[in-house]
Amino acid sequence: MADAALPPALVALLGRLGLGGDLAYDPWWSAAPDFLGLIVEHALAARPETIVECSSGTTTVLLARCCARNGRGRVWSLENGPEFAARTRAELARHGLAERAEVIDAPLIAQTVDGCEFQWYDLAGLPERPIDMLVIDGPPGFIQRHSRYPALPRLYHRLAAGGTVWLDDAARPDEREIVARWQAAFPDLAVEFIANERGCAVLHRETRP
Ligand SMILES: C[S@@+](CC[C@H](N)C(=O)[O-])C[C@H]1O[C@@H](n2cnc3c(N)ncnc32)[C@H](O)[C@@H]1O
Numbered sequence: 098m099a100d101a102a103l104p105p106a107l108v109a110l111l112g113r114l115g116l117g118g119d120l121a122y123d124p125w126w127s128a129a130p131d132f133l134g135l136i137v138e139h140a141l142a143a144r145p146e147t148i149v150e151c152s153s154g155t156t157t158v159l160l161a162r163c164c165a166r167n168g169r170g171r172v173w174s175l176e177n178g179p180e181f182a183a184r185t186r187a188e189l190a191r192h193g194l195a196e197r198a199e200v201i202d203a204p205l206i207a208q209t210v211d212g213c214e215f216q217w218y219d220l221a222g223l224p225e226r227p228i229d230m231l232v233i234d235g236p237p238g239f240i241q242r243h244s245r246y247p248a249l250p251r252l253y254h255r256l257a258a259g260g261t262v263w264l265d266d267a268a269r270p271d272e273r274e275i276v277a278r279w280q281a282a283f284p285d286l287a288v289e290f291i292a293n294e295r296g297c298a299v300l301h302r303e304t305r306p
C-alpha cells in the first residue's frame, strides 16, 4: 500500500477505534473513509460473530479492531493476491489483531455462475459457518465485467439471520448492474443505496431462506 497522509476522516475513525494514526492506506485501492465508517459503525453496533470479506486490506484491519473492541467476532478475508495477503497479515500483526482476522489465500479460479464464466475466489479455505456481515470490495473491476457478481450466488445462502451485505463502489455503472442482477436473482433481497463518495449498497434478506 502507498504511504500517504491519511485523510482526516480516516484519522478520526482510527481515533474512535484507538488505533493510532499509522495505518497503511492507499487512497486509490483502499476503501474510502466514509465506507470504512459505515462498516465500522455497523460492526460495533451489530457485534457480528462472523465477518467475511471479498478482498483484504484496510477494511480487514478496521473490522478486526471492531471485533477486538466488541470482545467477540472474527474476520475471514478472501484475498487472491499473495503479496496483498502478506501485507494485510503484517498490518494485522503490527496492530496486535492477528487473532481477530484470517486472510485466506483464495486465488481467482474459473467458475460458472448463473451460466456465465468468472474468475472468482476459490472458497476452499473459507470455513462453513453462518455469515453475519459480508463486505464486498473485490475482485478488482479490471479482471472482468461484473467482477463482484459471484459473491451473492456463492455466499448469500450462508448469510445468518439478520446478516447484512455491504458492497463498496456501488455508484459505478458495473456495480449498479451487479446489484440489479442480484435483485433479479434474489427477489427477497432488500437494497439500500447510500450516496457516499463511491456509493455503498447495503443488502439483506427480507425473508429467511
Ligand atoms: C479495492 S482493493 C480493496 C482492498 C481492501 N478492501 C481495502 O480496503 O484495503 C481490492 C483488491 O485489489 C487488489 N489490490 C490492492 N492494492 C492493489 C494495487 N496497488 N494494485 C493492484 N491491485 C491491488 C487486492 O487483491 C485487493 O484485494
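In my numbering, the protein residues as written are 98 to 306.
Heads up, the beta-carbon is just placed ideally off N, CA and C, and yes, glycines get one too.
Computed from a prediction, not measured in an experiment: that's the story for all the values here.
Distance between beta carbons of residue j and residue i, contact taken as under 8 Å
{"i": "residue 266", "j": "residue 242", "result": "The pair is not a contact, with the Cβ atoms about 14 Å apart (cut-off 8 Å)."}
{"i": "residue 114", "j": "residue 166", "result": "7 Å"}
{"i": "residue 310", "j": "residue 198", "result": "Since the first residue shown for the chain is 98 and the last is 306, residue 310 is missing from the structure and cannot be characterised."}
{"i": "residue 230", "j": "residue 301", "result": "About 10 Å separates the two Cβ atoms, so there is no contact after all."}
{"i": "residue 163", "j": "residue 235", "result": "Rounded, the Cβ-Cβ distance is 20 Å, inconsistent with contact."}
{"i": "residue 210", "j": "residue 174", "result": "Going by Cβ atoms, the distance from residue 210 to residue 174 rounds to 21 Å, so no, they are not a contact pair."}
{"i": "residue 214", "j": "residue 207", "result": "6 Å"}
CB contact below 9 Å: residue i versus chain D
{"i": "residue 263", "result": "Reference to chain D is not applicable here, since this structure consists of a single protein chain."}
Buried or exposed (CB count within 10 angstroms, at least 16 for buried), residue i
{"i": "residue 132", "result": "buried"}
{"i": "residue 136", "result": "buried"}
{"i": "residue 217", "result": "buried"}
{"i": "residue 192", "result": "buried"}
{"i": "residue 272", "result": "buried"}
{"i": "residue 259", "result": "exposed"}
Residue i beta carbon near ligand 2 (any heavy atom closer than 8 Å)
{"i": "residue 210", "result": "Annotation note on ligand 2: not contained in the displayed structure, which lists ligand 1 as its ligands."}
- Task: Just jot down, in chain order, the residues whose CB lies closer than 5 Å to any heavy atom of ligand 1.
- Result: 126, 127, 128, 152, 154, 155, 156, 178, 181, 234, 235 and 237
- Task: Output the residue ranges of the alpha helix (DSSP H) runs that lie fully inside the stretch 158-202 and measure 4 residues or longer, sorted by chain position.
- Result: 179-191
- Task: Could you tell me which uninterrupted alpha helix (DSSP H) segments, each at least 4 residues in length, are contained entirely in the stretch 103-164, listed from first to last along the chain?
- Result: 105-113 and 130-143
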